[in-house]
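To keep things clear, I will list the structure first and then write my remarks on it.
In the UniProt record's numbering, the protein residues as written are 1 to 209.
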């Protein structure tokens with residue numbers, strides 16, 4: 001399980017009908033998440049051996065079973081290990097490429113995909129326009145965010161609020177990708193921010209001669 005919160009918290013006040021509360025982010029005692037780099041250079045003690053195909057073989061230390069993992073799966077395996085859930089799985093719920101509106105620290109909120117919100121997050125009743133969700137980040141911090149909806153002539157718009165400190169810490173920029181997962185069987189939520197690659201590192205389409 002994630003490390004217990006420490007006494008240092010960042011207080012965030014979330015405004016909105018029926019949802020004016022103080023929210024804190026609590027930091028775990030673990031060090032920063034060990035990221036797997038593009039060369040697939042992994043630590044020697046995690047049972048993973050890279051190959052030349054952009055994938056690797058993962059040997060479970062518990063069962064000895066061998067699994068063939070792609071780069072995304074390897075990152076997930078590392079996240080779970082760092083968070084204290086080495087035997088759990090990550091189920092993707094929804095993701096979003098950040099727009100200029102999403103990256104505004106002042107608003108501190110994120111409009112999330114309607115289909116994903118309805119499929120994976122708790123149902124919001126008409127009279128229950130806001131509930132609090134505890135969401136982990138990849139460094140083991142626990143964020144208490146407000147989950148609510150607005151209504152317009154097209155229906156409901158689902159929003160996560162209380163993100164001012166998170167946006168600042170993770171330095172959200174236009175083009176970054178934010179993905180929400182569910183850790184199972186613990187049924188915990190996880191937010192993962194992936195920075196947009198610089199132009200020099202992006203794969204350019206092959207030119208036709």
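For glycine and all other residues, C-beta sits at the position ideal for the given N, C-alpha and C.
Where does residue 170 fall in DSSP's three states?
Walking along the chain shown from the start, residue 170 turns up at place 170. In this structure, DSSP gives residue 170 a helical state, which the three-state scheme calls helix.
Given that a residue counts as buried once 16 or more other Cβ atoms are within 10 Å of its Cβ, and exposed if not, what is residue 172?
For the purposes of this step, residue 172 is taken as the residue at position 172 of the chain shown. Using a 10 angstroms sphere on the CB of residue 172, the tally of other CB atoms reaches 16 or more, which defines it as buried.
For residue 179, the three-state DSSP class (helix, strand or coil):
Residue 179 sits at position 179 when you count from the first residue of the chain shown. Three-state DSSP puts residue 179 in a strand.
Using only the alpha-carbon positions, how far apart do residue 72 and residue 90 sit?
For this step, residue 72 is matched to residue 72 along the chain shown. For this step, residue 90 is matched to residue 90 along the chain shown. Across the structure, residue 72 and residue 90 are spaced so that their CA atoms are roughly 11 Å apart.
Element boundaries [beta strand (DSSP E), containing residue 148]:
Stepping through the chain shown from its first residue, residue 148 is reached at position 148. From DSSP, the beta strand (DSSP E) with residue 148 extends over 142-152.
Other residues of its chain near residue 177: CB distance less than 8 Å, five sequence neighbours each side excluded:
Here residue 177 is taken as the residue at index 177 of the chain shown, counted from 1. So the list reads 95, 96, 97, 98, 193, 194, 196, once near-sequence residues are dropped.
Identity of the residues DSSP links to residue 193 by a beta bridge:
Residue 193 sits at position 193 when you count from the first residue of the chain shown. According to DSSP, which records beta bridges pairwise, residue 193 is partnered with 178.
Compute the Euclidean distance between the alpha carbons of residue 158 and residue 145, then round it to the nearest angstrom.
Sequence index remark: in the chain shown, residue 158 carries index 158 (1-based). Sequence index remark: in the chain shown, residue 145 carries index 145 (1-based). Rounded to the nearest angstrom, the two C-alpha atoms are 13 Å apart.
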